[in-house]
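Okay, structure first, notes after.
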Amino acid sequence: MVNKKITISDLKEDDLSFLFDLWHTPEVMRYADEFPRYRGWSKSDDYQLAWKTYQTKRDRLGYDYTQLILWLDDLPIGESFFVILPENYTFGKWAKPNNTKSLMGDIKLLPEYWGRGLGSEGMCLVVRFFFTNTDCELLVVPPHRLNPAANRVYRKAGFVLFTGMRSWRNHKIMELTRGRYQELYE
Ligand SMILES: CC(C)(COP(=O)(O)OP(=O)(O)OC[C@H]1O[C@@H](n2cnc3c(N)ncnc32)[C@H](O)[C@@H]1OP(=O)(O)O)[C@@H](O)C(=O)NCCC(=O)NCCS
10 MVNKKITISD LKEDDLSFLF DLWHTPEVMR YADEFPRYRG WSKSDDYQLA WKTYQTKRDR
70 LGYDYTQLIL WLDDLPIGES FFVILPENYT FGKWAKPNNT KSLMGDIKLL PEYWGRGLGS
130 EGMCLVVRFF FTNTDCELLV VPPHRLNPAA NRVYRKAGFV LFTGMRSWRN HKIMELTRGR
190 YQELYE
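In the working numbering, the protein residues as written are 10 to 195.
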């Protein structure tokens, strides 16, 4: 990626049309279910409602509910969203550890940017963002079992496969603790 710089930014209202176009791209959404139905507005095409809902939740939860946009120089190329998990949250045989603040999320890029290392690079920025801006102890991602690119990107960013279940509704769980983040990133 000679001279091209990947960055992330907090969602702004102007980014919504990009975001909704991305979510309407079938290849992007092929393996992307919404766990745990967390955004609450991404299925609607009403930008104003989406923005209002986002801001309401954001005001309440701060960085524990964050929609990020990924950029390559000045072009939006993808998104990542993470949200705090409630106490007693389970995903198949995986259970959120008690009293451990945990955020779940994922990353998506437009297909024309796949396979160039941008997902891996972007995911590392996302990981750093959440461990820096929140006091979470654990990040969790649920890649589809048939999505090797996502599994690989998360592994390269430091996530470790939860081996306590094969998959649940075709999704696996991968985890990254703050301790491991500090070892790998600091
Ligand atoms: C997942 C996604 C973000 C990956 O982004 P990307 O920019 O293509 O990822 P990268 O180029 O950084 O790396 C992809 C890695 O997966 C590997 N990979 C890709 N397709 C693969 C396949 N079919 N089998 C095995 N490995 C594969 C690549 O070789 C690369 O690994 P390497 O760096 O060791 O060579 C992108 O494919 C995407 O947006 N998919 C649609 C949305 C989605 O499914 N998101 C995940 C939701 S959980």
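We put the CB at the ideal spot given by N, CA and C, even for glycine.
Can you tell me where the beta strand (DSSP E) with residue i in it begins and where it stops?
i	result
Gly101	From DSSP, Gly101 is part of no beta strand (DSSP E); its letter is neither H nor E.
Thr172	Thr172 -> no beta strand (DSSP E), and no H or E assigned at all.
Closest to residue i by C-alpha separation, out of the options, would be which residue?
i	options	result
Leu20	Gln64, Ile93, Val149 and Ser129	Gln64
Thr141	Ala41, Arg187 and Asp42	Arg187
Pro120	Arg189, His180, Asp30 and Glu96	Asp30
Thr16	Phe100, Gly126, Glu96 and Gly131	Gly131
Thr143	Lys110, Lys13 and Gln191	Lys110
Would DSSP call residue i helix, strand or coil?
i	result
Pro85	strand
Phe90	strand
Gly114	strand
Pro45	Residue confidence for Pro45 is low, a pLDDT of 49 falling below 50, so the modelled location carries little weight; the figure read from the coordinates is stated next. Here Pro45 sits in coil by DSSP.
Leu79	strand
Tyr194	helix
Tyr74	strand
Trp50	coil
Let's see if you can read the secondary structure: which residues bound the alpha helix (DSSP H) around residue i?
i	result
Glu184	Segment Met183 to Thr186 is the beta strand (DSSP E) holding Glu184; no alpha helix (DSSP H) there.
Thr143	Counting along the chain, Thr143 falls outside any alpha helix (DSSP H), and DSSP gives it neither H nor E.
Asp68	Tyr56 to Leu70
Ser26	Leu25 to Trp32
Glu36	Pro35 to Met38
Which whole-angstrom value is the C-beta distance of residue i and residue j, which I expect to be below 8 Å?
i	j	result
Leu112	Val92	6 Å
Leu77	Phe138	7 Å
Pro152	Lys117	Not really, about 12 Å apart at Cβ, beyond 8 Å.
Phe171	Pro85	Not a contact, Cβ separation roughly 32 Å.
Lys102	Gly173	5 Å
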